[in-house]
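Protein chains: 2
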Amino acid sequence: MARKATLYDVAELAGVSIATVSFAFTKPDRVKSDTLAAVMAAADQLGYVPSAAARGLARGRTGAIGLYAFDYLLDSDATDEQATDMPTARLFPLYADEVQRGVQVECRRRGYALMIGGTRAAPHLSQVIDVAGRVDGLIAFAGAVGETALKQVSGRIPVVELGGEVRVDGVRTIYVDNRQGMADLTSHLVTVHGHRRFGYLGELGTPEFRQRFDGFTATLRDAGLPVPPVTRSHPGDDPTAAAAVRGFLERGDLPDVLVCDTDQSALAAIDALRAEGLTVPGDVAVTGFDGIVAGELLSPALTTVRQPMEAIGRLAVRILVDTLAGVPDAHVHEPLRSVLVVGGTCGCPPPAGT
Amino acid sequence: MARKATLYDVAELAGVSIATVSFAFTKPDRVKSDTLAAVMAAADQLGYVPSAAARGLARGRTGAIGLYAFDYLLDSDATDEQATDMPTARLFPLYADEVQRGVQVECRRRGYALMIGGTRAAPHLSQVIDVAGRVDGLIAFAGAVGETALKQVSGRIPVVELGGEVRVDGVRTIYVDNRQGMADLTSHLVTVHGHRRFGYLGELGTPEFRQRFDGFTATLRDAGLPVPPVTRSHPGDDPTAAAAVRGFLERGDLPDVLVCDTDQSALAAIDALRAEGLTVPGDVAVTGFDGIVAGELLSPALTTVRQPMEAIGRLAVRILVDTLAGVPDAHVHEPLRSVLVVGGTCGCPPPAGT
DNA sequence: GCGCGAAATCTAAGCGCTTAACATTCGCCC
DNA sequence: GGGCGAATGTTAAGCGCTTAGATTTCGCGC
């Protein structure tokens, strides 16, 4: 690995000044074609790779966008590098992963590099700051970045938060119609299946979760049905789901259907129910929200509401790029729609198989 | 968005020199605790976010690792931002996506930022160079980076190539036992199902594809069976798979089983077969290679060989990080194992359902 | 009160690239 | 041949941070 060539080396070899080399790369038409060729030849010969750091410093922009998430999937332990991934415990890709795909696709299309950061633990300030310092704009999942950090970062670069609400000046948000999606789902359960006794598993910690619960309660109320309390469970925290299930059982108070605020919680609940010897949807129907792949993989498939995850990611990038380009109100958009996906866990018959 | 605060601003507000501020952030013990507190307070007040560009320039390292891939999944068209992702055409995540997850997990664990770049079209030199200029080490999928670029980049930073063979000095490779995996699969088809007339769909363009074909032919030969020619098909290029299928039909030469070198090709082939009114595995058995989620989602599930995708990604990061740390022979490793995953498309009965 | 080494700070020289401002060259026309 | 504007090049001043090496400050023992 011979020591890296710089602009100076190329300039010397090509017999021109460093400015010319710089122009040759960034504004080829400002340079005579002979010169251009000579510079390129020299660069090639030296294996010149421009330093993005230096470029970023000089330009004041890095040409990269950051994505900051936490990971609901527990990172596998340090030592299992050799372990073959287990096909049964397949939970990847989750909501965040599919959104990330959208972000990736759009970044690529727009010519931006994508910088990925994140934690599974508490979003320690310095980590966000670290990725924030590397990019021109940041996309963050709601809850992944604390308010303090958010304020700090958004004072420097534009930030789009996914699945939150505007908490901090200058932070943009992507709107998804969580409420209507959940209302559609609940309506299906009431109308098609005639369920009356509902359970609700989830949390109300973020605006999107609250919207889901709103859609749920509004529909029940319209149907003249009682609204159950929220039984707490955090996506990715399977024990809480299991505990919730046991709670219902112990109280002898199992609902007809357990509506969960995420697919991840729903899957955990189903696992717990089946572990207790109950069948889904036989003894209890269960539904989720998000539309992750693991839900489709389930047998029968999970009834859920699908969010347009890829679209969310792409829109976030678009907003950021436009904002950076100075487009006014780049963040204004229609809420993205979420759609009911009927699987088998609500009690609907499985589709005719192949 | 007030203009970004720099080290100078913080230093001034805290009443110390910039060096002290720098130390406060990077080597806190070299600074008296009162000073440290004062600096932090000032930084907080100003919303100071250190510039990674400047830091990278000064340090000569960026603290980031790059991942460069092409995308077999055709990027959705520009305008469908609003379109709800289609649940039926679900192909994500592909092989590369799962490897990427491994890379992400490991980068996070090691405290490296991850920079993602890539093309779906020809790997134009400058794009690779762009990400190469931003990172301390690069992970690239075989074929994603041309040899010229590879040479150029590997002269500057360590590079690990996935699924290739060493072509360029200094480029490391991750070894997966493709040959044995395919041999196990073929063996299953011969022994358990008694298939005799084989078809092989795929290509031989990269070493790993050649290894798969080797495992296939060796097993057939051992069994005294004739080795079919390779019918060309490129993963992600469904029309070639469809054409291949039509070719068999037209020649009236449909094999008992069509062994494909990737799951993606297998899925395309199955689509094509079913479109022609044939059943899988009834009329023809089909197998894949990789172990992508879409294969599991198929009904019946695709019989395939699973690669330890996440492990591949993690190992790549480990090699890079160790190499950067100066560990000698950091890239030496046992080949990772690939394992046979029996689904239904080979003719095996589906597992007892729930 | 003085002298010393250790601890805490500061000074200043880059890191590699961009770009405004200035200097040359060229091609053309009169 | 001289003059001019356009096309090319060059000079040099940063961009914000790290880090040797110089300098100052402190805590102590005598």
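Sequences listed follow chains A and B, in order. Under full-length UniProt numbering, the first residue of the first sequence is numbered 1, with each subsequent residue one higher. Under full-length UniProt numbering, the first residue of the second sequence is numbered 1, with each subsequent residue one higher. Think of the CB as a built atom: it goes at the ideal place given N, C-alpha and C, for glycine as much as any other residue.
Residue state for C260(A) is assigned as strand, using DSSP reduced to three classes. As a beta-bridge residue in DSSP terms, A69(A) pairs with G118(A).
Using a 10 angstroms sphere on the CB of S233(B), the tally of other CB atoms reaches 16 or more, which defines it as buried. The residues A42, Q45 and L46, in chain order, have a CB closer than 8 Å to that of L13(B) in the same chain once the five nearest residues on each side in sequence are set aside. Note: V160(A) is bridge-paired with I139(A) and R172(A) in the DSSP secondary-structure output. By the criterion of a C-beta distance shorter than 6 Å, V339(B) is surrounded in its chain by R306, once the five residues flanking it on both sides are discounted. In the displayed model, F213(A) falls within a helix according to three-state DSSP. Each residue's CA atom was taken as its position, placing G199(A) and L254(A) some 8 Å apart. When secondary structure is reduced to three states using DSSP, F23(A) falls in the helix class.
Going by beta carbons, G137(A) and L258(A) fall outside the 9 Å limit. Assignment of R306(B) by DSSP, reduced to helix, strand and coil, places it in the strand class. Interface annotation for the region 153-186 of chain B against chain A: V153, G155, R156 and G170, criterion Cβ-Cβ distance under 7 Å. Taking C-beta atoms as the reference points, G181(B) and R156(B) fail to come closer than 9 Å. Restricting attention to alpha helix (DSSP H) runs no shorter than 4 residues, the region 230-280 of chain B encloses them at 238-250 and 263-275, ordered along the chain. Around the CB of G288(B), 16 or more other CB atoms lie within 10 Å, so the residue is classed as buried. For F23(B), not one C-beta of chain A is nearer than 9 Å to its own C-beta. Assigned with DSSP and collapsed to three states, D290(A) falls in strand. Contact annotation: A142(B) and T206(B) have beta-carbon atoms nearer than 9 Å. Using beta-carbon distances, Q104(A) counts as an interface residue toward chain B, with a partner under 9 Å.
Counting the other Cβ atoms within 10 Å of the Cβ of V190(A) gives 16 or more, which makes it buried. Put simply, the region 217-226 of chain B does not touch the region 298-312 of chain B. Fewer than three CB pairs are less than 8 Å apart. Using a Cβ distance threshold of 9 Å, L278(A) and G343(A) do not count as a contacting pair. CA-to-CA, the gap between R110(B) and A285(B) works out to about 44 Å.
DSSP places V99(B) in the uninterrupted alpha helix (DSSP H) bounded by Y95 to R110. For G291(A) against L267(A), the beta-carbon gap comes to about 12 Å, at or over 8 Å, which does not count as contact. Linking Q152(B) to G133(A) through their CA atoms gives a straight-line distance of about 28 Å. Closest in alpha carbon position to A275(B), among P229(B), Q264(B), L249(B) and A113(B), is L249(B). For the C-beta of V286(B), not a single chain A residue is nearer than 9 Å; the gap to the nearest is close to 13 Å.
Looking at E203(B), G66(B) and D214(B), the one whose alpha-carbon comes closest to that of E161(B) is G66(B). Residues of the region 295-312 of chain B whose Cβ lies closer than 7 Å to any Cβ of chain A, in chain order: E296, L297, S299, R306, P308, M309, E310 and A311. T186(B) counts as buried, since at least 16 other C-beta atoms from the protein chains shown sit within 10 angstroms of its C-beta.
Shown here, V145(A) sits in coil according to DSSP, grouped into three states, outside any helix or strand. Between A113(B) and G63(A), the C-beta spacing is not below 9 Å. Ranking F92(A), D169(A) and V192(A) by CA distance to the CA of P158(A) puts D169(A) first. For F198(B), DSSP records a beta bridge to V257(B).
Within the DSSP secondary-structure output, A285(A) pairs in a beta bridge with V257(A).
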